[in-house]
Amino acid sequence: MSNKGPIDIAREIVEIGKKKAHLPASSTAILSILAGIYIAIAGQAMITVTHDAAGSVGTGLARLLGGSVFSLGLILVVLAGAELFTGNSLMVVGWLERKLNLKALAKNWSIVYIGNLIGSILIVYLVFFSGIWMINGGAVGKYALSIAVSKANLGFWSALVRGIGANWLVCVAIWLSISGRTTRDKILGIYFPITAFVLLGFEHSIANMFFLPMGLLLKGALSVPGASSLTLSTAIFNNIIPVTIGNIIGGVLFVAVPYWMVYLKNHNKQQVLLKPELVKRAA
Numbered sequence: 097m098s099n100k101g102p103i104d105i106a107r108e109i110v111e112i113g114k115k116k117a118h119l120p121a122s123s124t125a126i127l128s129i130l131a132g133i134y135i136a137i138a139g140q141a142m143i144t145v146t147h148d149a150a151g152s153v154g155t156g157l158a159r160l161l162g163g164s165v166f167s168l169g170l171i172l173v174v175l176a177g178a179e180l181f182t183g184n185s186l187m188v189v190g191w192l193e194r195k196l197n198l199k200a201l202a203k204n205w206s207i208v209y210i211g212n213l214i215g216s217i218l219i220v221y222l223v224f225f226s227g228i229w230m231i232n233g234g235a236v237g238k239y240a241l242s243i244a245v246s247k248a249n250l251g252f253w254s255a256l257v258r259g260i261g262a263n264w265l266v267c268v269a270i271w272l273s274i275s276g277r278t279t280r281d282k283i284l285g286i287y288f289p290i291t292a293f294v295l296l297g298f299e300h301s302i303a304n305m306f307f308l309p310m311g312l313l314l315k316g317a318l319s320v321p322g323a324s325s326l327t328l329s330t331a332i333f334n335n336i337i338p339v340t341i342g343n344i345i346g347g348v349l350f351v352a353v354p355y356w357m358v359y360l361k362n363h364n365k366q367q368v369l370l371k372p373e374l375v376k377r378a379a
């Protein structure tokens with residue numbers, strides 16, 4: 097059986113959006129916490145695998161390796177079932193089709209964003225107090241701290257644009273996963289876009305809810321160049337806020353809206369024009 101075509105994917109996204117909008121708040125909260133956990137676990141796995149890889153295989157291959165490992169996060173979200181803020185940008189397709197209202201959309205996004213943060217913080221504390229960051233003489237922790245320092249020192253506009261790129265590819269990954277009918281198809285659909293966004297250096301707000309708090313905790317135990325510039329303020333205003341805005345723009349304006357216009361809005365108009373009774377009248 098062949099995979100679903102773009103029109104079928106768009107229609108399914110509308111139905112998924114309706115279900116998400118009508119899910120009880122308690123269920124949404126639980127699933128969003130799980131998504132934060134999955135993304136954070138993938139983030140820590142990426143750090144552990146790549147902390148000393150660049151010196152051996154080069155920066156490019158190290159980033160490719162990191163992206164490959166990080167794709168685990170979205171694979172778990174999609175296959176195990178969880179609510180991820182960035183992926184829920186695609187709910188806008190349902191709103192454009194008038195299947196859910198702005199209040200329901202805003203409610204879902206708010207609960208999921210907070211839930212993702214809670215899940216991420218849970219893994220931050222798990223990693224810190226378990227001592228996982230001490231692997232390889234603390235090199236894993238130093239690498240995690242250096243990542244956080246780098247992210248906290250991005251300019252506002254650089255972070256925003258990187259956020260656009262990240263969620264553009266995340267939403268494409270979800271789009272491709274919906275096209276698949278088998279677990280293998282879904283995994284492959286997710287793997288390549290997520291690997292690309294990581295190796296390109298794009299910024300994902302939910303992943304950064306793990307990387308930045310992890311760095312803030314490690315700052316008290318380790319030292320790397322520029323660590324003093326990593327504060328709660330720089331983490332929020334130089335990264336989390338602009339990256340979140342960019343993620344919304346990337347998912348909504350670069351995936352949800354164009355695909356809705358091509359495969360639902362214009363298609364629906366064509367369907368109306370091709371109705372038999374209208375064709376007869378035209379004749």
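Read in order, the letters of the sequence shown correspond to residues 97 to 379 in our numbering. Each residue gets a CB set at the ideal place from its N, CA and C atoms; glycine is no exception. None of the values given here were measured: they were computed from a predicted structure.
Count the other CB atoms, across all protein chains shown, that sit within 10 Å of the CB of Asn-304; report buried if there are 16 or more and exposed otherwise. buried
In three-state terms, what does DSSP make of Val-320? coil
Could you have a look at Gly-169 and say whether DSSP puts it in helix, strand or coil? helix
Is Thr-124 near Glu-179, with beta carbons less than 9 Å apart? yes
Which residue from Ile-112, Val-145, Gly-183, Lys-114 puts its Cα closest to that of Ile-286? Gly-183
In whole angstroms, give me the CA-to-CA distance for Gly-234 and Ala-131. 28 Å
Helix, strand or coil for Lys-282? Go by DSSP, reduced to three states. helix
Count the C-beta pairs between the region 196-212 and the region 143-153 that are closer than 8 Å, then say yes if the count reaches three, no if not. no
Alpha carbon to alpha carbon, how far is Cys-267 from Leu-284? Give it in angstroms, no decimals. 14 Å
Which residue comes first and which comes last in the alpha helix (DSSP H) that contains Gly-342? 337-347
Using 8 Å as the cut-off, can you tell me whether the region 262-278 makes contact with the region 340-350, which would need three or more C-beta pairs spanning the two stretches below that distance? yes
Using DSSP with H/G/I as helix, E/B as strand and the rest coil, what is Asp-148? coil
Which residue comes first and which comes last in the alpha helix (DSSP H) that contains Pro-102? 102-117
Looking at C-alpha atoms only, which residue of Leu-160, Leu-308, Trp-205, Trp-253 is the closest neighbour of Ile-219? Leu-308
With burial defined as no fewer than 16 other Cβ atoms inside 10 Å of the residue's Cβ, what is the status of Asn-197: buried or exposed? exposed
With a threshold of 7 Å on Cβ separation, who are the neighbours of Ile-133 within its own chain once the five nearest residues in sequence on each side are excluded? Gly-215, Leu-218, Ile-219
Segments assigned alpha helix (DSSP H), at least 4 residues, entirely inside the region 233-281: 235-248, 252-275
Assuming Val-165 contacts Met-142 under a Cβ cut-off of 8 Å, what Cβ separation, rounded to an integer in Å, is found between them? 5 Å
Within a Cβ cutoff of 7 Å, which residues of the same chain sit near Val-294, ignoring the five residues on either side of it in sequence? Arg-159, Gly-162, Gly-163, Phe-166
Whose C-beta lies closer than 6 Å to the C-beta of Lys-100 among residues of the same chain, with five residues either side of it excluded? Ser-275
Own chain residues within Cβ distance below 8 Å of Ala-106, not counting five before or after: Val-189, Tyr-355, Trp-356, Tyr-359, Leu-360
Can you confirm whether the region 249-259 touches the region 330-342 when touching is taken to mean that 3 or more C-beta pairs between the two stretches lie within less than 8 Å? yes
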